[in-house]
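Colleague:
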Amino acid sequence: MSETPARTRAKARHRRRRKILATGVPLALVAAGALAYGTDTGVFGPGSARAASAAGYTAPAWATAGADGFASVDALGQRGTYGGRDGETVTVRTQAELEKYATAEEPYVIVVAGTIRLAPVGKEIKVRSDKTIVGAGTSGQIVGGGFFLGTGVHNVIIRNLTIRDSYQGVWNDKEHDFDAIQMDGAHHVWIDHNDLRHMADGLIDVRKDSTYVTVSWNRLSDNNKTFGIGWTENVATDITVHHNWFRETEQRNPSTDNAAHAHLYNNYLEDVPGTGITSSYGNYARGRTSMVLENSYFQGVNNPVIKDATASLVQRGNVFSGTSGRNESGGTAFDPARFYAYTPDRAADVPGLVRAGAGPRTSIGVADDQQDGAAPKTATTKAATTLTVARDGTARYRTVQAAVDAVPAGNASRVVIAVKPGTYRETVKVPSDKPHVTIQGTGTSRKQTVITYDNAAGTPKPDGSGTYGTSGSATVAVEADDFQARNLTIANDFDEAAHQSLDGHQAVALRTAADKVFLDGVIVTGDQDTLLLDTAAKDRLGRVYMRDSYVVGNVDFIFGRASAVIDRSVITLKKRWNGTSAGYVTAPSTPADRKGFLISRSVVDGDVAAGSFHLGRTWHAGGDAALDPQTTVRDTRLGAAIKSTPWSDMGGFSWKDDRFAEYRNSGPGAGATGPDRPHLTDSQAAGQEIGDWLGGWVPTAS
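Going left to right, the sequence shown walks through residues 28 to 729 as our numbering numbers them.
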């Protein structure tokens with residue numbers, strides 16, 4: 028994207044309010060990331076899913092989600108935590124059915140539709156790897172028992188269930204080890220949006236070096252020994268605990284023993300006065316635990332935070348209301364942002380957020396037209412066609428473009444182009460008459476499958492018909508609606524230093540000019556003009572949703588007129604070809620009365636000089652004064668590279684006449700509101716959420 032010359036304009040200001048749409052995603056539900064993608068840590072789950080069902084149930088989009096926090100980190104041969112989304116979706120209503128699928132070797136999404144009473148009381152179903160177990164709405168309940176994850180079990184998600192009532196009448200029960208969820212030596216486990224209560228022993232036990240665990244948005248109540256972590260001499264467990272509601276629980280809230288990294292944030296611990304349960308203590312760091320405890324809310328809790336002399340516990344931003352007794356911290360811990368991206372909510376907001384958002388939700392696990400508790404409606408889903416690409420000739424197609432060419436024009440159903448690991452030096456174009464295409468890397472890391480080329484604006488075309496422009500330089504160009512890319516790298520490796528004779532250095536890695544484009548777990552990397560998010564025409568809508576991804580560049584490297592969301596991702600700032608640090612993250616050219624760019628719950632940082640990058644500048648493509656460019660950056664961690672005046676003019680147009688704003692950002696690059704740094708009010712922010720951008724479209728991995 029090149030700058031336009033200064034022009035005289037007479038542009039009417041269009042200040043408007045848009046209808047508020049609920050996103051259905053809690054604001055702080057942030058997936059993990061890293062500040063740079065070099066080690067490919069903090070990776071989010073891979074993206075293939077089959078929505079077939081032996082019971083006729085089609086999984087909704089949320090059922091294919093991957094974990095956040097430590098459960099999202101690549102380790103031990105596992106790429107994040109995504110459960111059974113690569114398998115069939117089955118619906119169960121009996122203990123026998125639940126055990127059949129939970130203990131199977133194959134991956135499954137298991138939907139619990141109704142109340143299942145386990146026999147004998149205290150039964151813990153042994154869950155095997157690659158499973159998602161979810162409740163259908165609020166009707167999924169496990170009574171009188173729970174789940175056990177043994178040594179080596181991995182990639183398990185337990186969501187939206189009520190697990191309750193194995194209690195045997197003895198408060199400090201030493202005889203009955205009946206837990207809601209117990210893991211011994213498991214890894215990559217996500218426990219999310221459950222209601223856990225009234226068990227004979229623990230609600231959650233993370234034992235025997237279990238690691239890469241995230242526990243989020245659960246209600247834990249009416250219990251004594253609530254949540255134990257660790258319990259060996261090894262310092263091995265990495266765990267994230269966020270947005271949970273501990274209510275009327277006496278001890279272990281949680282108790283963390285010899286955990287290598289325990290990150291607790293935005294939890295709400297409540298001891299209600301005048302009840303039969305009195306808290307003994309809240310968060311406890313034992314042994315050689317390293318704990319970071321931040322932005323949590325403690326209400327009426329006795330001894331809210333305690334630690335052993337051997338443990339390290341760093342506190343920041345917590346609120347203590349009506350608490351008494353020990354409140355301790357000390358030592359040095361770790362920076363969670365080194366492992367994954369996250370944006371904590373303000374501690375003062377936590378009680379309201381957690382009360383409203385924790386526990387099972389009616390909108391999870393049921394079809395849009397299905398009432399809670401009703402039998403799933405019969406549905407059929409046509410299996411996707413898969414075309415496999417291998418550079419070494421071991422598949423039918425050697426190039427990605429050859430597979431795209433094989434997709435029939437007017438294609439009516441999903442075609443997955445499965446690309447085996449390797450570097451594919453080619454340009455790829457998905458034309459407008461080939462919708463419903465997914466290009467997906469099949470490696471264990473998105474760095475293993477790379478599509479790259481080195482065209483730039485001014486590069487001669489091979490047929491001698493002239494030179495490429497900015498948009499024509501794209502390594503991958505997408506013009507077809509309902510496109511998805513997953514688990515791969517798209518790059519433009521144009522060498523700026525070697526081509527100083529060219530007037531511009533615009534070199535696009537990925538160009539989208541379509542609607543309903545879903546970029547899931549990808550790396551898009553270049554220098555100037557890396558990611559062009561466009562529309563098919565000025566009057567056409569082009570919605571893009573990018574999540575759990577990395578975008579790398581330096582000048583205007585996210586630009587265009589699409590309505591695009593970059594969510595739970597890492598935007599990496601890169602030095603210019605001559606080693607200097609200066610650049611612009613976004614350059615929107617948004618039409619009036621349309622949404623522009625939304626960067627949400629992400630990280631913006633890089634190995635560049637402090638105060639050297641703008642968040643964006645206003646681009647009136649072609650000098651069009653009727654455009655109303657927009658970038659909103661919210662709930663995002665900003666590195667020190669971001670300027671204190673983060674927005675910039677361009678081409679004779681002032682950014683102050685357009686739509687640039689921030690909301691609740693954090694990090695050294697964040698700053699207070701002012702004339703040169705506008706922030707949204709809470710009311711304005713309510714109309715600038717993900718749902719407002721996507722306009723009823725729910726991106727679903729396929």
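Cβ coordinates follow ideal geometry from the N, Cα and C atoms, glycine included.
Given Ala312, which residues of its chain have a CB within under 6 Å of its CB, disregarding the five upstream and five downstream residues?
Modeller: Thr283, Met318, Lys334, Ala338 and Leu340
Colleague: Checking the sheet assignment: what are the DSSP bridge partners for Ile585?
Modeller: Leu558 and Thr613
Colleague: Taking just the CA atoms, how far does Thr259 sit from Gln715?
Modeller: 46 Å
Colleague: Can you tell me whether Leu546 is helix, strand or coil according to DSSP?
Modeller: strand
Colleague: Given Gly722, which residues of its chain have a CB within under 6 Å of its CB, disregarding the five upstream and five downstream residues?
Modeller: none
Colleague: Starting from Leu230, trace the alpha helix (DSSP H) in both directions and tell me its first and last residue.
Modeller: Per DSSP, Leu230 belongs to no alpha helix (DSSP H) and is neither H nor E.
Colleague: If you run the structure through DSSP and keep just helix, strand and coil, what is Gly173?
Modeller: strand
Colleague: Based on Cα-Cα distance, which residue from Ser307, Gly314, Gly623 and Gly633 lies nearest to Val571?
Modeller: Gly623
Colleague: Is Asp566 buried or exposed, if buried means 16 or more other CB atoms sit within 10 Å of its CB?
Modeller: With fewer than 16 Cβ atoms within 10 Å of its Cβ, Asp566 is classed as exposed.
Colleague: Are there 16 or more other CB atoms within 10 angstroms of the CB of Ala512, so buried, or fewer, so exposed?
Modeller: buried
Colleague: For Ala375, collect the residues of the same chain with a Cβ closer than 8 Å to its Cβ; drop the 5 residues on either side in sequence, then sort them by chain order.
Modeller: Tyr324 and Val346
Colleague: Do Pro371 and Asn310 have their C-beta atoms within less than 7 Å of each other?
Modeller: no
Colleague: Can you list, in chain order, the residues of its chain with a C-beta nearer than 7 Å to that of Gly349? Leave out the 5 residues immediately preceding and following it.
Modeller: Beyond the five residues adjoining it in sequence on each side, Gly349 comes within less than 7 Å, by CB distance, of Gln326 and Gly327 in the same chain, given in chain order.
Colleague: Which residues does DSSP list as the beta-bridge partners of Ile598?
Modeller: Val578 and Val631
Colleague: Please confirm if the segment 687-695 is in contact with the segment 655-663, defined as three or more CB-CB distances below 8 Å between the two stretches.
Modeller: yes
Colleague: DSSP beta-bridge partners for Asn261?
Modeller: The partner list for Asn261 (beta bridge, DSSP) is empty, contrary to what the question assumes.
Colleague: For Ser193, is the classification buried or exposed, using 16 other Cβ atoms within 10 angstroms of its Cβ as the cut-off for buried?
Modeller: Ser193 counts as buried, since at least 16 other C-beta atoms from the protein chains shown sit within 10 angstroms of its C-beta.
Colleague: By a C-beta neighbour count over all protein chains shown, 10 Å radius and 16 as the cutoff for buried, is Gln195 buried or exposed?
Modeller: That one is exposed.
Colleague: So, using beta-carbon positions, are Thr108 and His215 closer together than 7 Å?
Modeller: yes
Colleague: Is Pro147 helix, strand or coil by DSSP?
Modeller: coil
Colleague: To test your reading of the DSSP string, which unbroken alpha helix (DSSP H) runs of 4 or more residues are found completely within the segment 112-157?
Modeller: 122-129
Colleague: Only counting the same chain, and skipping five residues up and downstream in sequence, which positions put a Cβ closer than 8 Å to that of Arg452?
Modeller: Thr479 and Tyr480
Colleague: Ignoring anything shorter than 3 residues or poking outside the segment 494-543, list the beta strand (DSSP E) runs there in chain order.
Modeller: Complete beta strand (DSSP E) runs here, min 3: 503-505, 511-513, 516-519 and 537-540.
Colleague: Please state whether the Cβ-Cβ distance between Thr264 and Leu230 is less than 7 Å.
Modeller: no
Colleague: Report the rounded CA-to-CA distance for Ala417 versus Val443, giving the unit in angstroms.
Modeller: 14 Å
Colleague: What's the call for Ala524, buried or exposed, on a 16-neighbour Cβ count within 10 Å?
Modeller: Ala524 should be labelled exposed.
Colleague: Quickly, what does DSSP pair Trp682 with across the bridge? List them, please.
Modeller: Its beta-bridge partners do not exist; DSSP assigns none.
Colleague: Just the C-alpha distance for Ala540 and Gly172, rounded to the nearest angstrom, thanks.
Modeller: 52 Å
Colleague: Following the continuous alpha helix (DSSP H) through Gln715, name the residue where it begins and the one where it ends.
Modeller: That residue, Gln715, is in no alpha helix (DSSP H); it is neither H nor E in DSSP.
Colleague: So, is Val457 buried or exposed, given that buried needs 16 or more other C-beta atoms within 10 angstroms?
Modeller: buried
Colleague: Per DSSP, what kind of secondary structure is Phe361 in: helix, strand or coil?
Modeller: coil
Colleague: Comparing alpha-carbon positions, which option in Gly386, Tyr295 and Asn354 lies nearest Arg373?
Modeller: Tyr295
Colleague: Can you tell me the Cβ-Cβ gap for Tyr577 and Ser590, rounded? I've got them flagged as a contact below 8 Å.
Modeller: No, Tyr577 and Ser590 are not in contact; Cβ-Cβ is about 21 Å, not under 8 Å.
Colleague: Name, in chain order, the residues that DSSP records as bridge partners for Pro618.
Modeller: Its beta-bridge partners do not exist; DSSP assigns none.
Colleague: Restricting to Cα atoms, I'd like to know which of Thr415, Ala518 and Asp634 is closest to Thr502.
Modeller: Ala518
Colleague: Here's the rule: buried if 16 or more other CB atoms are within 10 angstroms of the residue's CB, otherwise exposed. What is Thr645?
Modeller: buried
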